[in-house]
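Sequence lines, in order, name chains A and B.
Under the working numbering, the first residue of the first sequence carries the number 15, and numbering increases by one thereafter.
Under the working numbering, the first residue of the second sequence carries the number 5, and numbering increases by one thereafter.
We put the beta carbon where it would ideally sit given N, CA and C, even for glycine.
No experiment lies behind these values; they were computed from the predicted model shown.
For reference, the structure discussed in these notes is given below.
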Amino acid sequence: MKYVNEYRDEGLAQDYLEKIKSVVTQPWNIMEVCGGQTHSLVKNGLIDLLPEQVNMIHGPGCPVCVTPIHLIDKAINLAENEGVILCSYGDMLRVPGSKRNLLDAKANGADIRILYSPLEAVSIAQSNPEKEVVFFAVGFETTAPANAMSVIQAKEIGVDNYSVLTSHVLVPPAMEAIMNDDKSNIHGFLAAGHVCTIMGISEYEPLVKKYKIPIVVTGFEPVDLLQGIFMTIVQLERGMYELQNQYSRVVKKGGNPKAITMVEKVFDITNRVWRGIGSIPDSGFEVSAEYERFNANKKFDIQLDEAEEHKSCIAGQVLKGIKKPHECPEFGKKCNPEFPLGAPMVSSEGACAAYYHFNHVEESLTQ
Amino acid sequence: MQLSCPVPTNDYEQITLGHGGGGTLTNKLLQEGVFTILSNELLDVHHDGAIIQMDGPAAFTTDSFVITPIFFPGGDIGELAVNGTVNDLAMCGAIPEFLSLSFIIEEGMLMQDFWKVLYSIKSACNQANVKIVTGDTKVVEKGKGDQIFINTTGVGKLHPKAQINLSRVEAGDLVIVSDVVASHGISIMSVREGLEFETDILSDTRPMNHMVIDLLEIYGSTIRLLKDPTRGGLASVLNEIARDTRLGISLDEKKIPIADQVKGACEILGLDPLYVANEGIFITIVAAKDAEEIVADLNKNEFGKHAAIIGEVTKEHPQKVVMKSGIGGKRVVNMLVGEQLPRIC
Chain A
15 MKYVNEYRDE GLAQDYLEKI KSVVTQPWNI MEVCGGQTHS LVKNGLIDLL
65 PEQVNMIHGP GCPVCVTPIH LIDKAINLAE NEGVILCSYG DMLRVPGSKR
115 NLLDAKANGA DIRILYSPLE AVSIAQSNPE KEVVFFAVGF ETTAPANAMS
165 VIQAKEIGVD NYSVLTSHVL VPPAMEAIMN DDKSNIHGFL AAGHVCTIMG
215 ISEYEPLVKK YKIPIVVTGF EPVDLLQGIF MTIVQLERGM YELQNQYSRV
265 VKKGGNPKAI TMVEKVFDIT NRVWRGIGSI PDSGFEVSAE YERFNANKKF
315 DIQLDEAEEH KSCIAGQVLK GIKKPHECPE FGKKCNPEFP LGAPMVSSEG
365 ACAAYYHFNH VEESLTQ
Chain B
5 MQLSCPVPTN DYEQITLGHG GGGTLTNKLL QEGVFTILSN ELLDVHHDGA
55 IIQMDGPAAF TTDSFVITPI FFPGGDIGEL AVNGTVNDLA MCGAIPEFLS
105 LSFIIEEGML MQDFWKVLYS IKSACNQANV KIVTGDTKVV EKGKGDQIFI
155 NTTGVGKLHP KAQINLSRVE AGDLVIVSDV VASHGISIMS VREGLEFETD
205 ILSDTRPMNH MVIDLLEIYG STIRLLKDPT RGGLASVLNE IARDTRLGIS
255 LDEKKIPIAD QVKGACEILG LDPLYVANEG IFITIVAAKD AEEIVADLNK
305 NEFGKHAAII GEVTKEHPQK VVMKSGIGGK RVVNMLVGEQ LPRIC
């Protein structure tokens with residue numbers, strides 16, 4: 015497969031590993047922002063192959079992990095309404111709400127559909143005019159254009175029984191929140207390639223300057239990641255801080271202007287609560303006033319009790335890179351992928367789920 | 005599949021509750037349809053059960069089939085129901101002979117679709133060389149089923165050279181997969197509501213008994229274990245083997261055969277092909293000395309063209325499956341947790 019095989023080439027990967035080893039002289043903490051990158055690091059066994067000085071810290075870029083618990087509760091509440099069909103991406107279904115998850119609601123008879131595209135939800139709304147169809151629109155900037163398009167399309171074709179329950183979050187404000195946290199100790203970032211494909215790279219320039227930190231926009235294949243890590247370490251070792259683009263085969267400086275236009279049309283920037291982290295100013299999208307009738311938050315009046323996280327879950331510290339997943343006392347015990355206490359143990363992109371697998375490798379190979 | 009025989013005449017366009025009521029409608033459905041299409045000397049007796057001859061050790065297995073949609077690229081629920089049980093018998097080292105066939109039909113199923121499923125069952129029986137000798141038909145109210153559920157139970161004599169047993173698996177044995185992985189699950193997903201995508205990936209549903217019997221004839225006790233990685237995929241079956249033998253299994257990602265299209269679909273959908281269901285491949289654990297010859301023989305078979313040695317049984321990392329990734333890293337391959345859910349991005 016073109017654009018896949020060459021970036022999974024063992025020889026090239028080994029070359030980059032050698033290059034990294036030859037330039038690194040001291041320990042560096044590098045955060046890969048995106049959960050897709052965490053997943054790839056673990057799936058390909060890269061963490062084991064990197065020299066000890068390179069400490070990869072897993073960032074908050076897993077949309078499943080940072081969707082606030084009260085929104086999960088809201089989605090469950092909506093799904094349990096007999097007049098509603100709730101559509102969602104697959105991995106949201108297992109995320110724990112305050113009492114249960116969407117899979118439990120589905121088992122109890124709620125009409126919940128797993129979709130890949132919100133446009134499909136608009137079709138479902140068209141063919142079920144007697145029902146309200148709600149799409150659980152989570153994700154970073156990457157999924158925002160498709161969600162925006164679904165709203166635009168619903169308006170154009172007059173599908174009034176469609177709305178989106180948004181939990182969109184934005185990467186740069188989260189990186190800033192991490193840098194502002196006294197406890198975090200990040201020396202360099204691998205920025206999320208797919209987010210930059212949409213939004214471009216210019217919004218990272220101010221971060222580089224303000225925090226004097228190298229940021230390398232990086233892809234997801236093993237060779238991409240190794241090259242991104244190498245580029246970051248070269249900068250760190252030389253005392254440089256620049257914005258660089260490893261993923262230039264996909265990411266253009268200005269991003270995807272059409273997608274950005276659509277996002278700006280449908281969404282306004284708003285403060286957003288991140289699960290485990292708290293409220294971050296200007297860190298999310300909410301449906302704009304012009305499209306308010308497609309905003310499930312406005313359409314349905316849902317009053318829920320304040321939701322609480324499981325007391326022993328340290329997801330917030332993990333998502334900010336302050337603690338590693340295995341430093342949590344419940345890691346692999348009460349909290350595992352089958353019975354997750356917190357969201358990062360759910361998706362394969364969540365740091366805890368990724369570490370659950372990784373730690374087992376270590377144990378297995380030392381036995 | 006193409007209907008090879010004319011569809012039986014029947015006044016009803018849909019299955020009704022009466023077709024499961026045991027009276028005239030049930031009789032008509034059986035006499036004009038099921039018995040005629042699946043006719044053989046044991047079924048034709050029309051008794052409450054079939055009388056069969058069985059000498060020596062035999063394998064006995066059962067499986068229920070629930071699938072949406074019932075017609076999918078490369079097969080349908082009828083064919084699947086025969087092949088599934090035939091393959092389970094073959095995995096025991098048995099020669100499948102007789103099957104039972106039970107339908108639970110949802111009221112309103114199109115009669116035309118029911119006949120299609122039935123002809124498909126007949127054709128699958130012919131291909132696997134097995135007979136349906138007894139069965140049952142029930143109809144449930146609309147909304148209480150999903151068109152049709154099928155249960156098949158099968159028996160077959162053990163092949164005289166078969167010594168399939170977990171306790172015979174040893175460190176140093178090699179793991180062979182009989183063909184490309186993950187085709188069935190991806191073909192089904194490509195036609196599920198909400199996930200449709202254009203592809204010509206076909207399900208791999210097929211009977212593997214002839215291929216397995218050929219192997220047993222030649223290699224006999226060298227074949228230590230046979231398993232078909234259906235639900236949960238390759239990863240889950242290998243984990244079961246590791247757990248039950250208390251040995252480790254090392255896999256080499258590069259050696260696992262997978263069609264480019266399937267690999268591409270998995271990339272797009274965010275699925276790991278190791279956890280995707282198969283219906284027409286098997287894993288065998290064999291003594292290392294014969295492994296290459298076995299693969300060469302499998303490669304000559306139309307159902308084993310891409311057979312390959314994908315790993316080794318080891319004393320290291322007991323009860324765990326560890327895979328060497330394409331770039332030389334290592335990761336544990338765990339058993340599937342719940343259902344594999346498509347990722348957001």
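Check: Under the three-state reduction of DSSP, which class applies to B/K258: helix, strand or coil?
Finding: On the second sequence, position 254 is the one that residue 258 of chain B refers to. Assignment of B/K258 by DSSP, reduced to helix, strand and coil, places it in the helix class.
Note to self: Between B/M5 and chain A, is the shortest Cβ-Cβ distance under 8 Å, so that the two count as touching?
What the structure shows: As a first step, residue 5 of chain B is located in the second sequence; it is residue number 1 there, counting from the start. Bear in mind that a pLDDT of 47 at B/M5, under 50, signals an unreliable position, so the number given afterwards is only what the model happens to contain. No, B/M5 does not count as interfacial toward chain A.
Note to self: With a threshold of 8 Å on Cβ separation, who are the neighbours of B/D2 within its own chain once the five nearest residues in sequence on each side are excluded?
What the structure shows: There is no way to answer for residue 2 of chain B, as the model of chain B reaches only from 5 to 349.
Notebook entry, point to check: Within 8 Å (strictly less), CB to CB, does B/G60 reach chain A?
Noted result: For the purposes of this step, residue 60 of chain B is identified with residue 56 of the second sequence, where counting begins at 1. Judged by the 8 Å Cβ criterion, B/G60 is not in contact with chain A.
Checklist line | Beta-bridge partners of B/M327, as assigned by DSSP | finding: Against the second sequence, residue 327 of chain B aligns to sequence position 323. B/M327 is bridged to B/L255 and B/R335.
Margin query: Just to make sure I have the definition right: I need the residues of chain A whose C-beta is within less than 7 Å of the C-beta of B/G53. Which are they?
Written below: Taking the first residue of the second sequence as position 1, residue 53 of chain B is located at position 49. In chain order: nothing, as chain A lies at least about 37 Å away.
Checklist line | Nearest-angstrom beta carbon gap, B/T156 and B/T89 [assumed within contact, 8 Å] | finding: Within the second sequence, residue 89 of chain B is the residue found at index 85, counting from 1. Within the second sequence, residue 156 of chain B is the residue found at index 152, counting from 1. The Cβ separation is near 4 Å, so the contact holds.
Margin query: Would you say A/K35 lies against chain B (beta-carbon separation less than 8 Å)?
Written below: Within the first sequence, numbered from 1, the residue matching residue 35 of chain A stands at position 21. For A/K35, the nearest beta carbon of chain B is not closer than 8 Å to its own beta carbon.
Note to self: Please report whether the beta-carbon of A/S378 lies at a distance below 8 Å from any beta-carbon of chain B.
What the structure shows: Walking along the first sequence from the start, residue 378 of chain A turns up at place 364. Because the pLDDT of A/S378 is 44, which lies under 50, any placement of that residue in the model is unreliable, and the question is left without a value.
Notebook entry, point to check: Beta-carbon of B/E283 versus every beta-carbon of chain A: anything under 8 Å?
Noted result: What you label residue 283 of chain B is simply residue 279 of the second sequence in a count that begins at 1. Contact with chain A is absent for B/E283, since none of that chain's Cβ atoms lies less than 8 Å from the residue's Cβ.
Checklist line | Beta bridge counterpart(s) of B/P100 as assigned by DSSP | finding: Position 96 of the second sequence, counting from 1, holds the residue named residue 100 of chain B. B/P100 is bridged by DSSP to B/G160.
Notebook entry, point to check: From which residue to which residue does the beta strand (DSSP E) around B/A62 run?
Noted result: Position 58 of the second sequence, counting from 1, holds the residue named residue 62 of chain B. That run of the beta strand (DSSP E) goes A62 to F69.
Margin query: Does B/D294 come out as helix, strand or coil in the three-state DSSP assignment?
Written below: For the purposes of this step, residue 294 of chain B is taken as the residue at position 290 of the second sequence. B/D294 sits in a helix when the DSSP states are folded into three classes.
Note to self: Less than 8 Å between the C-beta atoms of B/V185 and B/P261, yes or no?
What the structure shows: Position 181 of the second sequence holds residue 185 of chain B. Position 257 of the second sequence holds residue 261 of chain B. Yes, they are a contact pair.
Checklist line | Test: B/G332 CB closer than 8 Å to a CB of chain A | finding: Numbered from 1 along the second sequence, position 328 holds the residue referred to as residue 332 of chain B. It does; some Cβ of chain A falls within 8 Å.
Check: Using a Cβ-Cβ distance under 8 Å, would B/R335 count as near chain A?
Finding: Within the second sequence, the letter at position 331 stands for residue 335 of chain B. Among the residues facing chain A, B/R335 is included, as its CB has a counterpart in that chain under 8 Å away.
Notebook entry, point to check: Expressed to the nearest angstrom, what Euclidean distance is found between the alpha-carbon atoms of A/K313 and A/A93?
Noted result: Here residue 313 of chain A refers to the residue found at position 299 of the first sequence. Here residue 93 of chain A refers to the residue found at position 79 of the first sequence. Those two C-alpha atoms are separated by around 14 Å.
Item checked: Residue range of the unbroken beta strand (DSSP E) whose run includes A/L31 -> Here the question's residue 31 of chain A lines up with position 17 in the first sequence. Not the beta strand (DSSP E): A/L31 falls in the alpha helix (DSSP H), residues E24 to V37.
Notebook entry, point to check: Which of helix, strand or coil does DSSP assign to A/V277?
Noted result: On the first sequence, position 263 is the one that residue 277 of chain A refers to. DSSP, reduced to helix, strand and coil, places A/V277 within a helical segment of the structure shown.
Notebook entry, point to check: Given that a residue counts as buried once 16 or more other Cβ atoms are within 10 Å of its Cβ, and exposed if not, what is A/I227?
Noted result: The residue given as residue 227 of chain A occupies position 213 in the first sequence. A/I227 counts as buried, since at least 16 other C-beta atoms from the protein chains shown sit within 10 angstroms of its C-beta.
Notebook entry, point to check: Just reading off the alpha helix (DSSP H) that B/R247 is part of, what are its end residues?
Noted result: One-based indexing of the second sequence puts residue 247 of chain B at position 243. Where B/R247 is concerned, the enclosing alpha helix (DSSP H) stretches over G237 to T249.
Check: Which whole-angstrom value describes the C-beta separation of A/E155 and A/V185, a residue pair presumed to lie in contact below a C-beta threshold of 8 Å?
Finding: One-based indexing of the first sequence puts residue 155 of chain A at position 141. One-based indexing of the first sequence puts residue 185 of chain A at position 171. That pair is a contact at about 7 Å.
Check: Since A/H182 sits in a beta bridge, which residues does DSSP pair it with?
Finding: Indexing the first sequence from 1 puts residue 182 of chain A at position 168. Paired residue(s): A/G153 and A/F299.
Next item on the list: Check A/Y369 in the structure and name its three-state DSSP category.
Entry: Within the first sequence, residue 369 of chain A is the residue found at index 355, counting from 1. Three-state DSSP puts A/Y369 in a helix.
Checklist line | Sufficient close CB pairs (3 or more, under 8 Å) joining the region 70-84 of chain A to the region 263-281 of chain A | finding: Short answer: they don't touch.
Next item on the list: Assign A/G104 to one of three DSSP states: helix, strand, or coil.
Entry: For the purposes of this step, residue 104 of chain A is taken as residue 90 along the first sequence, with counting starting at 1. Reduced to three states, the DSSP call for A/G104 is helix.
Checklist line | Check whether B/A54 and B/N213 have beta carbons under 8 Å apart | finding: By one-based count along the second sequence, residue 54 of chain B stands at place 50. By one-based count along the second sequence, residue 213 of chain B stands at place 209. No, Cβ-Cβ distance for B/A54 and B/N213 is not below 8 Å.
Checklist line | Same chain only: Cβ atoms within 8 Å of A/C342, ignoring 5 sequence neighbours per side | finding: Along the first sequence, one-based indexing puts residue 342 of chain A at 328. Here A/C342 has S326, C327, I328, V332, C349 and C366 as same chain residues with Cβ atoms under 8 Å from its own Cβ, once five neighbours each way along the sequence are excluded.
Check: In chain order, which continuous runs of the beta strand (DSSP E) of length 3 or greater are located wholly inside the region 128-152 of chain B?
Finding: Within the region 128-152 of chain B, the runs of beta strand (DSSP E) at least 3 residues long that lie entirely inside it are, in chain order, 135-144.
Check: Just curious, the alpha helix (DSSP H) that A/V209 is in, first and last residue?
Finding: On the first sequence, residue 209 of chain A is found 195 positions in, with the first residue counted as 1. For A/V209, the enclosing alpha helix (DSSP H) stretches over residues G207 to M213.
Next item on the list: Report the neighbours of B/E271 on chain A: residues whose CB is nearer than 9 Å to its CB, in chain order.
Entry: Here residue 271 of chain B refers to the residue found at position 267 when the second sequence is read from its first residue. Within chain A, the residues placing a beta-carbon under 9 Å from that of B/E271 are M15 and V18, ordered along the chain.
Next item on the list: Quick one: using the 10 Å Cβ neighbour count with 16 as the cut-off for buried, is B/S187 buried or exposed?
Entry: Here residue 187 of chain B corresponds to residue number 183 of the second sequence, with the count starting at 1. B/S187 sits buried, since 16 or more C-beta atoms from the chains shown fall within 10 Å of its C-beta.
Next item on the list: Assign B/V121 to one of two classes, buried (16 or more other C-beta atoms within 10 Å of its C-beta) or exposed (fewer than that).
Entry: As a working note, residue 121 of chain B is residue 117 in the second sequence. Sixteen is the threshold: when 16 or more other Cβ atoms of the shown chains lie within 10 Å of the Cβ of B/V121, as they do, the residue is buried.
Notebook entry, point to check: In the structure shown, what three-state DSSP assignment does B/E316 receive?
Noted result: Here residue 316 of chain B corresponds to residue number 312 of the second sequence, with the count starting at 1. Assignment of B/E316 by DSSP, reduced to helix, strand and coil, places it in the strand class.
Next item on the list: Look up A/E46 in the DSSP assignment and say whether it is helix, strand or coil.
Entry: Here residue 46 of chain A refers to the residue found at position 32 when the first sequence is read from its first residue. Strand, per DSSP.
Check: Of all the CB atoms in chain A, is at least one closer than 8 Å to the CB of B/S329?
Finding: Your numbering for residue 329 of chain B matches position 325 in the second sequence. Yes, B/S329 counts as interfacial toward chain A.
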